[in-house]
Structures are given as structure tokens and as C-alpha cells.
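Peer 1: Keeping their order, the protein sequence lines are chains A and B.
First residue of the first sequence: 144, per my numbering; consecutive thereafter.
First residue of the second sequence: 4, per my numbering; consecutive thereafter.
For each residue, glycine too, the CB sits at the ideal point set by N, CA and C.
A single structure is presented below for examination.
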Amino acid sequence: MTDSTAAAAPVAAANPLRRRQSTFGRLMRHRLFVSGLVLLGLMVLMAIFADLLATHNPVQVRARFRFRPPSFDNFFGTDNFGRDIYTRVVYGARLSISIGFAVVLLTAIAGTAIGLISGYVRRLDNFLMRIMDALMAFPTIILALALSAALGPSAFNIVVALSVVYTPRVARVVRASVLVVREADYVHAAQAVGASNLRIMIEHILPNSMAPLVVQLSFVFAYAVIAEAVLSFLGVGPPPPTPSWGSIIAEGKDYIREAAWITLFPGIAIAMTVLGLNLLGDGLRDVLDPRMNVDNR
Amino acid sequence: MTAGRNLVEVENLVKHFPIRKGFFSSRITGYVQAVDDISFTVARGETLGLVGESGCGKSTTGRLLIRLLDPTSGRIMLNGADLAHIPADELRTKRRDVQIIFQDPFSSLNPRKTVEGIIAEPLIVHRIGTKAERQARVAELLKLVGLAPDHARRYPHEFSGGQRQRIGIARALALNPKFIVCDEPVSALDVSIQAQIINLMRDLQRDLGLTYLFISHNLAVVRHIADRVAVMYLGKIVEMTDKNALYENPKHPYTQALLSAIPIANPDRKRQRVVLTGDVPSPMAPPKGCRFNTRCPVAVQRCREIEPPLVDTGSGHQVACHLVTP
């Protein structure tokens, strides 16, 4: 062989510009991403260790202690039944975060499957995407409200309803990147050796279509947290006295002038969680999507 | 299996892409006539160059030959079997014999797979060998294309364009194919690297007895590697002959124009330029008669009415032009 460059050993070192550092490293240097991660991490820890963090029983009614303002006994005050708001917010995190996770998991599976099939098997594309369009054409909250009202009030049914509502978003994003990746020459190369469609979809198309999916899922998580609160506020969530951020706000709204702390603290919890998720999503998008090449902020 | 002189025989190959309009009905409103009734043969161990400008159907022809696309009609005979009309399961095994090398070394390798994963994939798909045997085969292939066996664990982004093209060649060779379609394999590379890759491909052809269809728009590269050359224009082959006859005695006005456009590295030497005017007509509505008549400097009335067939003008020099074969 006549050339020397090809056999030269340290190839990676010869090409320092292509990828300066790993994706993980770039994420860790992205300040917004790290702030989001910390914020969400705190919420997740709160949900996991709710039993340790709680100071009272979240559902115990104590008529003597109604409408106590925030104090050392009751960090966030008490509500109209004398229940400790702090404890209820901590347990509410458990519900909100697990519903969010479950919705993310279900939409990821369903959305990826539908998007992948829709983008790769062109005959099914029109059929599947028109169904997705129909679901998207509904206002999300109205659809989720109708679904959970029909299924009955429970956490599981909220997960089902929200997954149905948010799957189309994920499916569209996955389909869009599948449509790009399927035309790559490495897919043609796999077809040329006779690889099965299933193999091509799983080995070649899926791993290269994941970046926008991850970003989208972080936003789905945020939407799910808000939507769960909205549904609980509207009364189709898990039945009382189960603490949920939405239902705490719903119960406190009548006393908002006299006892603002009832609604304030679960509201802050929702805002922090959603903010954290959005920062996380923005960070992921900045790092994973080369078209939005924004430097670390 | 017949051991004829020709490995590949293409007969009356046609590819029309339908143009669909409408939302539900998918009405077909026309066809892009990408490849329109072409026939050619490639002898064992030879390289057929396929040249033409963008959009003339040369890449489509290559993709039809390896059955990435389904032909509209026509026959693709490989070793006596018609690739265009065999059942899907037989096609899968036949695919071992025909492989492709792509133009863009950056999109032809899956960025999420290691070099070993990429080169071994054809073996995995065809269930050849154990894991250890496949690893050995990958190392052997890497050596064959001038890379080191320890490159197997790296990812494509760690390599330069020329090295990536070598990986693409190694993948194409994994199944010991007989016939390789090279779809502009050096057009995306630096000129200095082009020569290395071309020479590698020639060495491999000699050592492994490969047969190439070499698609390119670069006439100088084709002259270097091809034994025979076919010139395509708007979905048709207009001239096909052995290399020397084509470059020294081009007969079709289009070939003459193409060759006169090759730069000569000598500023003092005057050359007769045939400058074509106008654009290539749309392949959706190719002109009546000879497809080249709208831009041909010597077209006569007959060229606008009757399509000239590809005729042998002696010693295998085929030309499709009324003025050459009256």
C-alpha cells in the first residue's frame, strides 16, 4: 500500500476539532442545563424521601389547627382542615413526579413506535399521522379532561389520558428525524446487504433519531406535571384526600385572600419543577442539536 | 451457472418515478423518466465507467443494479439470474454478490456504530461466522483497505474522509462480492486522496477479481480507472465504447462537448471548445426525437422527430446519433 496516512495510528488526536468533548461533558458545562438538573433533582429527591421529610400526616384532619400561617410547626401553614401544607406538598411531589415519569415513559414508547413506523413504512404514514393530527387538533386539556372523566378519577387514568394527549407530539418529532435519517447512505448500505426492515429501524434509524426525542420528552414531562395539576384542580385527579399539587390549590382557592399560603406553596412547587424541566430541555437541545449551536451560557 | 464472458447484462432497463398529487387519492400526474430503456453489459473483471451530468440517471442506474430501487421494467442479469424478477428471499442471498460504495463518506457510515460494527454488519445479516470469526474477518478487511486492525473499535467521526471511504470499501468487500457499483466514490474527497482511493480500488480489482460499474462525472478519473465508458444523457446511453476510442475519437456531439470541457494543464495549448447552451430538459417531459436535440450544435430536422437507436458503428463502438449512423 502506497499511502502512509491511512495506517497512521493516532487518528483521534489528529482530528481535535470534530468532537472536542463528550456530550456529557458539554452538558455539564452548560449552566442552564445544570441548574435545571439541580432543580429537578431536588424535586425527585423530595418525592423519593417524602416519608422522611414529612413532619405530619398528610391526610389527618385537625380542626383545631385550621388556617395556621407558616410557622416552625407548620413550615407552609395549614389548610382549612388543619392539614400541614408542607407535608402535603412533599407528598404531592411524589404523585406529580411519578405521573410525569409514567407519562414520559408511555409517550416515549408509543411515540417512538408510531413515529418510527410512520417515517419508515411510508404506506402507513398517512393513516398514522392523520390519527395523530386528529388527537393534536383537540385542545390538550379538554381531551385529557374528557378521557379521565370517562375513565374515572385515579392517578393511573390520568397517566393514560395524558399519554394519549402527548403521544402525537413525540410521534411527530420522531417521524421528522426518521424521515431525514432513512435517506442516509448508511441506511441504503444496510438495505444493499439485505438487512431486514426491523434491523434497519432498530440498528440504524432509531439510534440516530434519538436526540430530538430526548429534548421533546423533557418538555412532555413539564407539560404532564402542569396538566396533572390542572386536572386535579378541576377535580378529575386522584380523589381527595390524596395530596396532589393541583388539588391542594383547588381546595385553597376559596381562602386565597385569608390564607394565601395554601395556594402559594404548591404553586411554587409546580413552577420550580416545570422551570427545572424546561431548563433541562433547553440545555439538551443546545447540546444535542448542532443547528442551534449556542455556546455555554 | 453459466460462465459467460459477461458478469452483468442489463437489458432495456427502465425506471420511471411517478409524480403523485392529491391528498387522499394520490393521483399520478406524470413520471420522471430517470432511466429510459438502457442496455449494457459488463464483462468479468472489467470496469465500466458511467458518465454524465447531474440528473442524467447515472446514480439511479447504479441503485437499480444493486436493487435499492425497483426497476419499472427491464432485466438485470447477474451470472444468469435476473435480479429484477427474483423472489425476495432469493434476492437476499444474491445481494452478497453485488455491493455499493457511496459518494459521501460522511453519510455512508452510521455514526453510532464502531468500525467493527459497520464492517461486520453484512456478515451478521447473512449469519456468517461466529463472533470471533467475524472479528478476524474485520481485521483482515481493514488490512486489505490499508487501515490498521486496531481501528476496529473506533467510531467513524475519528477518521478522515479518505479513511472513511476505505471503511466503506471494506464493508462493501465483506461478503466477497463479484460486482461493485461505485457511485462517485472519490468525488467528495480531496484530489490527493482521490488518487489513493482509485489506486486502492484498482489493486483490489486485480487481487480479488472484482467487476466495477464506476459512476462519475469526472471524466479524468473515469479515464484512469475504466476499461469501457458509457455516456448517459437524460436517462439514455448516447455512446458506449472502450476507453481509448471514446477519449480519442468521440462520435456523439454530447460526448464531444463533454470531452472538450476537460481542462488541459497547459495554458499555451489551444483547444476546440464545444460550448453547450441552455439547460438539460426536464426528465418529466423529455424532448421528442433525440433527447439531445435541444442543445445539440449540429442537430437537423430528423433529430427532432425520430429517436436515434444505439447502433454499433464497428468494433463495439456504439453511438446513438443520426448524423453518425445515417
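Which partner residues of residue 227 of chain A appear in the DSSP bridge assignment?
Peer 2: A/221
Peer 1: Once the 5 residues before and after residue 325 of chain B are set aside, which same chain residues still bring their CB inside 6 Å of it?
Peer 2: Within the same chain, residue 325 of chain B has close Cβ partners 305, 306, 311.
Peer 1: So residue 23 of chain B contacts chain A; which residues on that side make the cut at Cβ distance below 7 Å?
Peer 2: Correct list: empty, because the minimum Cβ distance to chain A is about 11 Å.
Peer 1: Measure the CB-CB distance between residue 46 of chain B and residue 102 of chain B and report whether it falls below 8 Å.
Peer 2: no
Peer 1: In the segment 349 to 381 of chain A, which residues sit with their C-beta less than 8 Å from some C-beta in chain B, listed in chain order?
Peer 2: 350, 351
Peer 1: According to DSSP, is residue 216 of chain A part of a helix, a strand, or is it coil?
Peer 2: coil
Peer 1: Nearest CA to the CA of residue 259 of chain B: which residue from B/48, B/275, B/107, B/171?
Peer 2: Of the candidates B/48, B/275, B/107, B/171, the one whose C-alpha sits nearest the C-alpha of residue 259 of chain B is B/275.
Peer 1: Can the beta-carbon of residue 343 of chain B be found less than 8 Å from the beta-carbon of residue 281 of chain B?
Peer 2: Because residue 343 of chain B is not part of the residues shown, which for chain B are 4 to 329, the question remains open.
Peer 1: What residues in the segment 317 to 344 of chain A have a beta carbon less than 9 Å from any beta carbon of chain B?
Peer 2: Hits within the stretch, in order: 326, 327, 328, 329, 330, 331, 332, 333, 334, 335, 336, 337, 338, 339, 342.
Peer 1: Would residue 173 of chain A count as contacting chain B if we go by Cβ distances under 8 Å?
Peer 2: no
Peer 1: Taking just the CA atoms, how far does residue 165 of chain B sit from residue 109 of chain B?
Peer 2: Approximately 10 Å between the Cα atoms of the pair.
Peer 1: Taking the straight line between their C-alpha atoms, what separation do you get for residue 304 of chain A and residue 396 of chain A?
Peer 2: 25 Å
Peer 1: Identify, in the order they occur along the chain, each residue of the same chain with its Cβ nearer than 6 Å to the Cβ of residue 413 of chain A, setting aside the five sequence neighbours on each side.
Peer 2: 372, 388
Peer 1: Per DSSP, which residues does residue 185 of chain B bridge with? Please list them.
Peer 2: Bridge partners of residue 185 of chain B: B/104, B/217.
Peer 1: Buried or exposed: residue 18 of chain B, going by 16 or more other Cβ atoms within 10 Å of its Cβ?
Peer 2: Classification of residue 18 of chain B: buried, given that the 10 Å Cβ count is 16 or more.
Peer 1: Alpha carbon to alpha carbon, how far is residue 210 of chain A from residue 220 of chain A?
Peer 2: So the alpha carbons of these two residues sit roughly 7 Å apart.
Peer 1: How close, in whole Å, do the beta carbons of residue 189 of chain B and residue 200 of chain B come, if the pair is a contact with beta carbons under 8 Å?
Peer 2: Here residue 189 of chain B really is in contact with residue 200 of chain B; their C-beta atoms are around 5 Å apart, less than 8 Å.
Peer 1: So is residue 75 of chain B buried or exposed if we call it buried at 16+ other beta carbons inside 10 Å?
Peer 2: buried
Peer 1: Using a beta-carbon distance below 8 Å, is residue 57 of chain B in contact with chain A?
Peer 2: no
Peer 1: Are residue 53 of chain B and residue 235 of chain B touching if we call contact CB-CB under 8 Å?
Peer 2: yes
Peer 1: Which two residues bound the contiguous beta strand (DSSP E) that contains residue 330 of chain B?
Peer 2: The requested residue 330 of chain B is not part of the displayed model; chain B covers only 4 to 329.
Peer 1: Within the continuous beta strand (DSSP E) that includes residue 231 of chain B, where are the two ends?
Peer 2: Unbroken beta strand (DSSP E) run through residue 231 of chain B: 231 to 236.
Peer 1: Put residue 324 of chain A into one of helix, strand or coil per three-state DSSP.
Peer 2: DSSP places residue 324 of chain A in the helix class (H, G or I) of the three-state scheme.
Peer 1: Looking at the structure shown, is residue 328 of chain B part of a helix, part of a strand, or coil, going by DSSP?
Peer 2: Coil, per DSSP.
Peer 1: Could you name the residues of the same chain whose beta carbon sits closer than 8 Å to that of residue 134 of chain B, not counting the 5 residues immediately before and after it, in chain order?
Peer 2: Nothing meets the Cβ criterion.
Peer 1: Under 8 Å: do the segment 230 to 237 of chain A and the segment 174 to 192 of chain A share three or more Cβ pairs, one atom per stretch?
Peer 2: yes
Peer 1: What would DSSP say about residue 359 of chain A, mapped onto helix, strand or coil?
Peer 2: helix
Peer 1: Are the CB atoms of residue 16 of chain B and residue 79 of chain B within a distance shorter than 8 Å?
Peer 2: yes
Peer 1: Just to make sure I have the definition right: I need the residues of chain A whose C-beta is within less than 7 Å of the C-beta of residue 102 of chain B. Which are they?
Peer 2: 335
Peer 1: How would you list, in chain order, the residues of chain A whose beta-carbon sits under 9 Å from the beta-carbon of residue 111 of chain B?
Peer 2: 327, 328, 329, 331, 332
Peer 1: With 8 Å set as the bound, which would you pick, yes or no: does the beta-carbon of residue 199 of chain A sit closer than that to a beta-carbon of chain B?
Peer 2: no
Peer 1: Can you find the residues in the same chain that come closer than 6 Å, C-beta to C-beta, to residue 314 of chain A, ignoring five residues on each side of it along the sequence?
Peer 2: 254, 257, 258, 275
Peer 1: Kindly indicate if chain A contains any beta-carbon less than 8 Å away from that of residue 300 of chain B.
Peer 2: no
Peer 1: Starting from the C-beta of residue 139 of chain B, find all residues in its chain whose C-beta is less than 7 Å away, skip the five residues before and the five after it, and write them out in chain order.
Peer 2: none
Peer 1: Listing by chain order, which chain A residues have their CB less than 8 Å from the CB of residue 178 of chain B?
Peer 2: 336
Peer 1: Near residue 113 of chain B, which residues of its chain fall below 7 Å by C-beta distance, leaving aside the five closest residues on each side in sequence?
Peer 2: The beta carbon of residue 113 of chain B lies closer than 7 Å to those of 121 in the same chain, with the five residues before and after it left out.
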